[in-house]
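**Q** Numbering (our numbering), first residue to last: 8 to 717.
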Amino acid sequence: MKKLFLFTSIVILTSTFIIPFYAKAQLPNFTKVDTGAITIKPGGHVSSTCFDMDNDGDLDLLINNYGVYAGGDFSVFKNERNGLFEKIPNFVNNGAYGHLNSLGDFDNDGDLDLFAGGVGASSLKIYSNDGYGNYQANSTIGISHFPLYPSLLDLNNDGFLDIIGIDRHGSIRYSDGNGGFLAGVYLGLLHEPQNIVLHGISWGDCDNDGDFDAYGGYSSTLNGSGNLSKNACFINNGDGTFVKFDETSVIVDDSTSENACVNWVDYDNDGDMDLYVLNFTLEADGPLSALYENLGDMQFTKHVFEDEMYRNSFTNSSVWGDLDNDADIDLYVSVENNPFPFVEGNPTSATPYNLLFLNDGNGGFTNILDHPLAIEDSHTAVMFDHDNDGDLDVLLTRYSWSNDGHCNLFVNEGNDNSWIVLTCEGTASNRSAIGARIYAKSLVNGKHITQTREITPVNGHLSCANLRVHFGLGDNDVVDTLIIRWPSGIVDTYLNVAANQFYRAIENEGLQIDFKATNYIQYNPAIANIEFEQGETSTIDLKDHYQFIMGDTVPEINGDTLTFEIINENPNIVAASLNENNLTLEAGDTIGDSKIKIIVSAGSITERMDSFTVTRGTDDISEYNNWQSVMIFPNPFTTSTTIVYELQQPENVSLSVYNHLGQLLYQTQENQPQGKQQLQWNAERYAEGVYYYRLQVCNEVANGKMVKVR
8 MKKLFLFTSI VILTSTFIIP FYAKAQLPNF TKVDTGAITI KPGGHVSSTC FDMDNDGDLD
68 LLINNYGVYA GGDFSVFKNE RNGLFEKIPN FVNNGAYGHL NSLGDFDNDG DLDLFAGGVG
128 ASSLKIYSND GYGNYQANST IGISHFPLYP SLLDLNNDGF LDIIGIDRHG SIRYSDGNGG
188 FLAGVYLGLL HEPQNIVLHG ISWGDCDNDG DFDAYGGYSS TLNGSGNLSK NACFINNGDG
248 TFVKFDETSV IVDDSTSENA CVNWVDYDND GDMDLYVLNF TLEADGPLSA LYENLGDMQF
308 TKHVFEDEMY RNSFTNSSVW GDLDNDADID LYVSVENNPF PFVEGNPTSA TPYNLLFLND
368 GNGGFTNILD HPLAIEDSHT AVMFDHDNDG DLDVLLTRYS WSNDGHCNLF VNEGNDNSWI
428 VLTCEGTASN RSAIGARIYA KSLVNGKHIT QTREITPVNG HLSCANLRVH FGLGDNDVVD
488 TLIIRWPSGI VDTYLNVAAN QFYRAIENEG LQIDFKATNY IQYNPAIANI EFEQGETSTI
548 DLKDHYQFIM GDTVPEINGD TLTFEIINEN PNIVAASLNE NNLTLEAGDT IGDSKIKIIV
608 SAGSITERMD SFTVTRGTDD ISEYNNWQSV MIFPNPFTTS TTIVYELQQP ENVSLSVYNH
668 LGQLLYQTQE NQPQGKQQLQ WNAERYAEGV YYYRLQVCNE VANGKMVKVR
């Protein structure tokens, strides 16, 4: 017999956030962070994604921008493990509004690559990761119509991720097995009819046959067409094809709506995927958001999930996660508190704040009305454990019309409940393990339950899913049985898994503690960029800048705790040598810049790469005997610049020009008479930027910097 679906509302009045109706809930407090790089960056932020870009065991952030502010591309923030994030400058330049990203290990080399694009782009770009979070564009995919939801999934089960939904016709690009993608193949999957927008998509194994099925939520309000939109479900046949699910089923027949977001989730811990459909309803008789309970054999029953007071609210995105670690997943809905720009008359939202629904574990949800997360609004949100303490924090991503587009992190203060976090790594399956299903069986508060999670490519509106798997365990300190069903069909089972730990599961090989999550290398203070002249040297003790922070679970490390390696990109500009932890730099003869990369390792547990720039600058020319009064004008310049000097006697004068990498761009040599002379450099063919000149008379050399602008 299935549970009754209950719905209640609670206003929390005390600072301890105790809910008297459910002692097991223990909803933690959340602290708003209103400082740091994430908060101070304004913009048209539409969504965010958490991912470990540099394989150091913590989750970094990628925030999508929709071009409201200049430079409307992606913004990437590196997690520094001190509660703050550092913005990575010039991460990628997509040349378009960056509102979309998909992350996965395309080439199966152990790091997350990036598939990126945005409205206004004529192509999608594939960026490969070097393992340290440095991304390089290596291919493009031409498109005629930009899709909202291209998804990563290994559709043909060859162990490599494919891209599904690269255009409005639902085409697919299969992987070529080398990090690239083949020509598009038409599937007719999740296509966009004329004047209808695919606004929500979710992937999950709704029929329990081992492969991921798709559900698409459509909207016509977004483009003002007035056409009737209807959602659709597609069942995976397991051979690379899909069939449209019964259109008389309640999950599609009853879903004519203006959809905002959809989620496949197991909210009732019965081992199958239920469906949540988030609607923004502008009509008095329009459908409210609903939760469709999976009864088995693809039979569903509908539960209305929101009160009438939320009708005409601009609900935009929904994310699920166990915020209180009580062994059931909770729901958080983002609400835009602003005049709705896509609807005639620009109506305002009926409710100004995001919605927080706490799962009571018995089929019911409590609407929490007075909580830090329930007195804010946002375009979207993402749940992730930013500080690796075992509970889910929340990032609110805001568009420009909400709080000027400033994002905010809300830190979960935690409670006494247990948890585990799992990172899965495929071997026969794709390395990212997208498409895997994980079961955690345990005794929670005297009740045997089985929680189910799936590693899916999408979670929330325009948001790539968190590839980490998080389970709350309530009062239990062990998972009795942990089962991983991999996309390849391999099933791994582990017994008596200790709680309150981070794990890494490798397909068909084993389960091990993920030491990187709690043991890490801290880089503070950062090494500043250096500028010096020929012959000058500088020595840096790298141990003054790096420290190994040990967590509760400490791995065995043989030898020195930290070891260093350097990469010098331009040895002709600066000589770099390393003696254990002492880095010595000496300026060379060539002017320009060299990037010094430092790779620091803590045993075989973790490593990171950082870099700084050394500039071979201008020499002091006051003591030169053969010339005087060297000047450059104009500087900065647009097309050409002139170097003027005075010779004490007739001389042979040589002029060389280099770029910032020390590459020779131009060279000329002239015999000139005594007196005031000049040489001109025409830079019309070169891009704007910093350039360096080298002027030589006999054995005397003067160097200088020139800046070309538009």
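All C-beta atoms, glycine included, are put in the ideal place defined by N, C-alpha and C.
Keep in mind that this is a model prediction, so the values were computed, not measured.
Pair every Cβ in the segment 454 to 473 with every Cβ in the segment 519 to 539, then say whether three or more of these pairs are closer than 8 Å.
**A** Not touching, per the Cβ criterion.
**Q** Beta-carbon within less than 6 Å of F312's beta-carbon, same chain only, minus the 5 sequence neighbours each way: which residues are those?
**A** Cβ within range, chain order: S296, A297, L298.
**Q** Under 8 Å Cβ to Cβ from A357, same chain only, skipping five residues before and after it: list those, please.
**A** If we look at A357 and ignore the five residues flanking it on each side, its Cβ neighbours are M316, Y317, R318, N319, S320.
**Q** Pick from S226, Y222, I490: whose alpha carbon is nearest that of N243?
**A** Closest option to N243, Cα to Cα, is Y222.
**Q** Taking 8 Å as the cut-off, decide whether the C-beta atoms of T525 and T560 are in contact.
**A** Yes, Cβ-Cβ distance for T525 and T560 is below 8 Å.
**Q** Less than 8 Å between the CB atoms is what I'm expecting for D482 and N507, so what's the real figure, rounded?
**A** Contact doesn't hold; Cβ gap of about 12 Å is too wide.
**Q** DSSP state of E315, grouped into three classes?
**A** Correct three-state label for E315: helix.
**Q** Going by beta-carbon coordinates alone, are F417 and T42 separated by less than 8 Å?
**A** In this structure, T42 does not lie closer than 8 Å to F417 by Cβ.
**Q** Please go through the same chain and pick out, in chain order, the residues whose beta-carbon is closer than 8 Å to the beta-carbon of A381, but skip the five residues on each side of it.
**A** Closer than 8 Å at the Cβ level, and outside the excluded window around A381, lie Y360, N361, L362, L363, I375.
**Q** Using CA coordinates, which residue listed in D169, S236, G191 is at the minimum distance from V202?
**A** Note that residue 202 is Asn in the sequence shown here, rather than Val. Checking every option, the nearest Cα to that of N202 belongs to S236.
**Q** Would you list, in sequence order, the uninterrupted beta strand (DSSP E) runs of no fewer than 3 residues that lie entirely inside the segment 492 to 527?
**A** Qualifying beta strand (DSSP E) stretches, in chain order: 498 to 505, 508 to 513, 517 to 520.
**Q** Would the beta-carbon of L168 fall within 8 Å of that of G111?
**A** Yes, the pair counts as a contact, with Cβ atoms nearer than the cut-off.
**Q** Taking 8 Å as the CB-CB cut-off, is E420 touching chain C?
**A** In the structure shown, chain C does not exist; there is a single protein chain.
**Q** Going straight from the alpha carbon of N141 to that of V704, what length do you get?
**A** Using only the alpha carbons, I get a separation of about 42 Å.
**Q** According to DSSP, is L380 part of a helix, a strand, or is it coil?
**A** It is helical.
**Q** Does the distance from the CB of G467 to the CB of V326 come in under 8 Å?
**A** Taking 8 Å as the Cβ cut-off, G467 and V326 qualify as a contacting pair.
**Q** Using CA coordinates, which residue listed in L662, F249, Q529, E614 is at the minimum distance from L671?
**A** Among L662, F249, Q529, E614, the Cα nearest to that of L671 is on L662.
**Q** Measuring only the C-alpha atoms, how far is V18 from N36?
**A** Note that V18 has pLDDT 37, beneath the 50 cutoff, so the model's placement of it is unreliable and the number below is only indicative. Between V18 and N36, the C-alpha separation is close to 14 Å.
**Q** Would F731 and N108 qualify as a contact pair, given that the criterion is a beta-carbon distance under 8 Å?
**A** Lying before the first or after the last residue shown, residue 731 is absent from the chain, which here runs from 8 to 717.
**Q** For a test of the three-state rule: what should DSSP assign to A239, helix, strand or coil?
**A** Reduced to three states, the DSSP call for A239 is strand.
**Q** Might you give, ordered along the chain, the residues of its own chain that have their beta carbon closer than 8 Å to the beta carbon of I650, omitting 5 neighbours on each side?
**A** The residues are V637, M638, I639, L662, Q685, L686, Q687, W688, Y700, L702, G711.
**Q** Counting only runs of 4+ residues fully inside the segment 243 to 304, write out the alpha helix (DSSP H) ranges in chain order.
**A** Runs found: 257 to 260.
**Q** Is it true that the CB of L196 sits closer than 8 Å to the CB of G172?
**A** In contact: G172 and L196 (Cβ atoms closer than 8 Å).
**Q** Measuring only the C-alpha atoms, how far is M280 from E576?
**A** Taking the straight line from one Cα to the other gives about 51 Å.
**Q** What span of residues does the beta strand (DSSP E) with I605 cover, start to end?
**A** Counting along the chain, the beta strand (DSSP E) containing I605 begins and ends at 599 to 609.
**Q** From what residue to what residue does the beta strand (DSSP E) around T675 run?
**A** T675 -> beta strand (DSSP E) spans 671 to 679.
**Q** Do you know whose CA, among T404, G51, D396, lies nearest E383's CA?
**A** Among T404, G51, D396, the Cα nearest to that of E383 belongs to T404.
**Q** Under three-state DSSP, which class holds I47?
**A** I47 falls in the helix class under three-state DSSP.
**Q** Near F241, what residues of its chain come up, given a Cβ to Cβ distance below 8 Å and the 5 sequence neighbours on each side ignored?
**A** Once the five neighbours on either side are set aside, the close Cβ partners of F241 are L196, L197, D220, A221, Y222, G223, F249, V250, K251, F252.
**Q** Going by other Cβ atoms of all chains shown within 10 Å of its Cβ, with 16 needed for buried, is G368 buried or exposed?
**A** Classification for G368: buried.
**Q** With a Cβ-Cβ cutoff of 8 Å, do G90 and G117 count as a contact?
**A** It is not a contact, given that the beta carbons lie outside the stated cut-off.
**Q** Can you tell me whether L69 is helix, strand or coil according to DSSP?
**A** Three-state result, L69: strand.
**Q** When DSSP builds the beta bridges, which residues end up paired with H52?
**A** Looking at the DSSP assignment, H52 forms a beta bridge with N72.
**Q** Count the other CB atoms, across all protein chains shown, that sit within 10 Å of the CB of L131; report buried if there are 16 or more and exposed otherwise.
**A** Buried, by the Cβ-count rule.
**Q** For L549, which three-state DSSP category applies?
**A** Residue state, collapsed to three classes: helix.
**Q** Rounded to whole angstroms, what's the CA-CA distance from D548 to A388? Just pull it up for me.
**A** Near 42 Å, if we compare the C-alpha coordinates of A388 and D548.
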